[in-house]
Amino acid sequence: MAPLGAIGLLIVVGINAWLLTAILTEIWSDNPAATGKADWRVSLPASAGSIANRKPLEAYRQILARPVFFKSREPFVAAPPPPPPAVKPVPAPVAVDPGLVLGGVMIKNDIRKAYVFSRASTTGAWIGEGSDFMGWQLKSINATGAKLEQNGRLLELQLYPRE
0 MAPLGAIGLL IVVGINAWLL TAILTEIWSD NPAATGKADW RVSLPASAGS
50 IANRKPLEAY RQILARPVFF KSREPFVAAP PPPPPAVKPV PAPVAVDPGL
100 VLGGVMIKND IRKAYVFSRA STTGAWIGEG SDFMGWQLKS INATGAKLEQ
150 NGRLLELQLY PRE
């Protein structure tokens, strides 16, 4: 064993022996101060005041009714107004096919006429621009067709329909 290690071991053994003797003497002695009851007093700061100066618990009734971290402490927010009733759009009148057919077109110099007849009857008429036929007014005529109008509704008749 090295001499420095032996010196360190002797020091540690000596400290342990001294602590053991101190503990044993404390246990065997009859010192009443070591076994006495501790006297504990609360030292409140002067700002806490005495109990006589405090408000009664009833004075805090409003605060205790709504604790700080409860949802009921949120500020009052009025409910949003109900949305206005939905206005239903007036349905457009159903477009009924008047059953008109363009039988022919005549264009010569300043004269423009169209032969228009109804599918319900075989009789028709040659009408010029601006004339009326069964409640429809003839607006324009060109080489391929004619345009009729009734109450803002436009009807386009083709001389040779694609259908």
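Numbering of the sequence shown is given in numbering that gives the first Met the number 0, commencing with residue 0 and proceeding in unit increments. Quick reminder that beta carbons are idealized off the backbone N, C-alpha and C, glycines included.
- Query: Where Tyr114 and Leu99 are concerned, what is the direct C-alpha to C-alpha distance, given to the nearest angstrom?
  - Reply: 10 Å
- So is Ala145 buried or exposed if we call it buried at 16+ other beta carbons inside 10 Å? buried
- Item | Same chain only: Cβ atoms within 6 Å of Trp125, ignoring 5 sequence neighbours per side | Lys112 and Tyr114
- Task: Pull up the CB-CB distance for Leu101 and Gln136, whole angstroms please, since I reckon it's below 8 Å.
- Result: Not confirmed; about 15 Å, so no contact.
- Which first and last residues belong to the alpha helix (DSSP H) in which Ala16 is found? Pro2 to Trp27
- Item | Chain-order list of residues whose beta-carbon lies under 6 Å from that of Lys138 (same chain, five-residue window excluded) | Lys146 and Glu148
- Message: Here's the rule: buried if 16 or more other CB atoms are within 10 angstroms of the residue's CB, otherwise exposed. What is Ile26?
- Response: exposed
- Message: Looking at the strands, I want to know which residues DSSP matches up with Arg152.
- Response: Gln149
- Query: Can you round the beta-carbon distance between Ser120 and Met133 to whole angstroms, since I take them to be within the 8 Å contact cut?
  - Reply: The pair is not a contact, with the Cβ atoms about 10 Å apart (cut-off 8 Å).
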